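Shown next, in structure tokens, is the structure this report addresses.
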Amino acid sequence: MLAAMEFTQISGKQVSRIGLGTWAIGGLDWGAVSDSDAVATLLSAVDRGINLIDTAPIYGRGRAEELLGKAIRAHGHREAFYIATKAGLDWNTGREGVFADSTAPRLRQELEHSLRRLNTDFIDLYQVHWPDTLVPIEETAALLAEFVREGKVGALGVSNYSVAQMQAFRSVAPLASNQPPYNLFERQIDHETLPWCAANHVAVLTYSSLCRSLLAGRLTHGMTFPAGDIRAVDPKFQQPRFTQYLNAVERLAAFAQAHFGKTVLSLAARWVLDRPGISVALWGAKRPDQLDAVAGVLGWKLSDSAMAEIDQIVAECVTDPVGPEYLTPKVRE
Ligand code: NAP
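Residue numbering for the sequence shown follows my numbering, beginning at 909 and increasing consecutively.
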């Protein structure tokens, strides 16, 4: 019998502890994805008990949100989806790159565009994608609170915010969630962010739970990524680090098999879910078969001693660790 999906609550709404991430479904940064594969993946996620779908305007420059809207139409029940989208990144500046932009006109316009693309009149969770250091956080929070009062948004979240930035936000509006990077190899939030979120009842949705596919178990030594694939510019996927990380993955895979009869992907996702203070692990997929692995994550737990062995493997193999800072958007002039 299949183990049941785990659930938690965000602002009183029940959400699955595994959330589907749609960055890859956007089709621009992880290789091409057809409309039919994308919609099938979204519907397959719901079939498997996943209701939280994380998306953003930047994913495929609007395409991921449009495909989610299409999947919701095909499914027929809007309430089967907990839509978590974002705002505050601008890629249309005529200059190279992506810029943090939480100015009021931009956020107001993004909300209307997202509602249209998603084909809905209500977004369950609206998250600021990255902090904009040129706009006071309090102003952003006040504007987002207006969106809630207008009935267009259910709850407010942030992503990539520091504790100080979350405190500023919360001084003006209720903060339901934070979305930081977190996985076996990227644990920068352990010391400050996670304890603060737990103490302040802010849900934590982790992104890159599979470390942008490194921990999914498919990658091999010598593998390269074409220009345009995000992994072609990710420092973890460049030598000499790539070998270090793949060696760790190989040892973690052997550990997962020997102790639990599980794959390294199951181990990595379970690790995130079993860390204290984690609400939801976001996991990117672009084909329904990639979600077959969801079943292997459910119905078991990692003990403290297994966590310690995992830490030791990572420390022994990854001698020159690097974080996900390369994802940080540019600051406007
Ligand atoms: P991730 O979940 O760590 O890894 C996703 C990749 O793992 C997939 O694209 C796929 O790569 C591979 N994969 C998935 N299932 C697999 C399977 N069963 N077997 C083999 N490979 C598998 O990466 P992520 O997309 O960075 O993070 C998840 C979500 O978090 C995103 O989609 C997005 O919603 C969110 N996110 C948010 C931010 C933010 O700033 N807030 C930043 C990054 C991500 P292949 O292409 O190799 O198939």
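All residues carry an ideal CB built from backbone N, CA and C; glycine is no exception.
The model shown is predicted, which means the values in this text are computed figures rather than measured ones.
Test item: CB-CB of residue i and residue j under 8 Å
i       : j       : result
ALA911  : LYS1194 : no
VAL1172 : VAL1188 : no
ASP1228 : GLN1147 : no
TRP1208 : PHE1168 : yes
GLY1192 : ALA1161 : no
MET913  : GLY957  : yes
ALA1111 : ILE918  : yes
VAL954  : ALA982  : no
ASP1142 : ARG1120 : yes
ALA1081 : ALA1050 : yes
TYR891  : PRO1103 : Absent from the model: residue 891. The displayed extent of the chain is 909 to 1241, so no value can be given.
GLY934  : GLY968  : yes
PRO1089 : PRO1232 : yes
LEU1127 : LEU1154 : yes
LEU1123 : SER1085 : no
TYR1242 : GLY1065 : There is no way to answer for residue 1242, as the model of the chain reaches only from 909 to 1241.
VAL1244 : LEU997  : Nothing can be reported for residue 1244: it is not among the residues displayed for the chain, which extend from 909 to 1241.
ASP937  : ILE1221 : no
PHE1133 : ALA1140 : yes
LEU1190 : SER952  : no
ASP1029 : ARG1240 : no
LEU950  : ALA979  : yes
ALA972  : PRO1196 : no
ALA995  : GLU974  : no
VAL1071 : THR1101 : yes
GLY1130 : LYS1170 : no
GLN1185 : CYS1105 : The question names Gln, but residue 1185 is Gly in the sequence shown. Contact: yes.
ARG1243 : CYS1225 : No information on residue 1243 is available, as it lies outside the stretch 909 to 1241 that the chain covers here.
ASP1032 : GLY1062 : yes
LEU1175 : ALA1166 : no
HIS1109 : SER1067 : no
VAL941  : ALA932  : yes
In DSSP terms, what residue i is bridged to
i       : result
SER917  : As written in the sequence, residue 917 is Gln, which differs from the Ser given in the question. BP columns for GLN917 point to GLN922.
GLU1094 : ASN1091
LEU1190 : GLY927
SER1067 : GLN1087
ALA1111 : SER1085
LYS1238 : PHE1007
beta-carbon residue i near ligand 3 non-hydrogen atom, thresh 7 Å
i       : result
GLY1065 : Judged by which ligands are present, ligand 3 is missing from the structure shown, whose ligands are ligand 1.
Taking contact to mean 3 or more Cβ pairs, one atom from each stretch, closer than 8 Å, check whether the stretch 1071 to 1087 and the stretch 1041 to 1048 are in contact. yes
Complete alpha helix (DSSP H) runs within the stretch 988 to 1063 (minimum length 4 residues, chain order): 1012 to 1026 and 1045 to 1057
Runs of 3 residues minimum, wholly inside the stretch 928 to 977: which ones carry the beta strand (DSSP E) assignment? 960 to 962
Any residue with its C-beta under 5 Å from a non-hydrogen atom of ligand 1 counts. Can you list them all in chain order? GLY929, TRP931, ALA932, TRP938, ASP962, SER1067, GLN1087, TYR1115, SER1116, LEU1118, ARG1120, SER1121, ALA1124, ARG1126, LEU1190, TRP1191, GLY1192, ALA1193, GLN1198 and ALA1201
The stretch 922 to 938 in contact with the stretch 958 to 975 per 3-pair CB rule at 8 Å: yes
Would you check if the stretch 963 to 976 and the stretch 1016 to 1027 touch, i.e. whether three or more CB-CB distances between them fall below 8 Å? yes
Length at least 3, wholly inside the stretch 1117 to 1141: the beta strand (DSSP E) runs in chain order: none
Taking contact to mean 3 or more Cβ pairs, one atom from each stretch, closer than 8 Å, check whether the stretch 1200 to 1217 and the stretch 1172 to 1185 are in contact. yes
Taking one C-beta from the stretch 1088 to 1096 and one from the stretch 1050 to 1059 each time, how about it: are there three or more such pairs within less than 8 Å? no
Enumerated in chain order, which unbroken segments of the beta strand (DSSP E) with a length of 3 residues or greater are wholly contained in the stretch 1158 to 1210? 1188 to 1192
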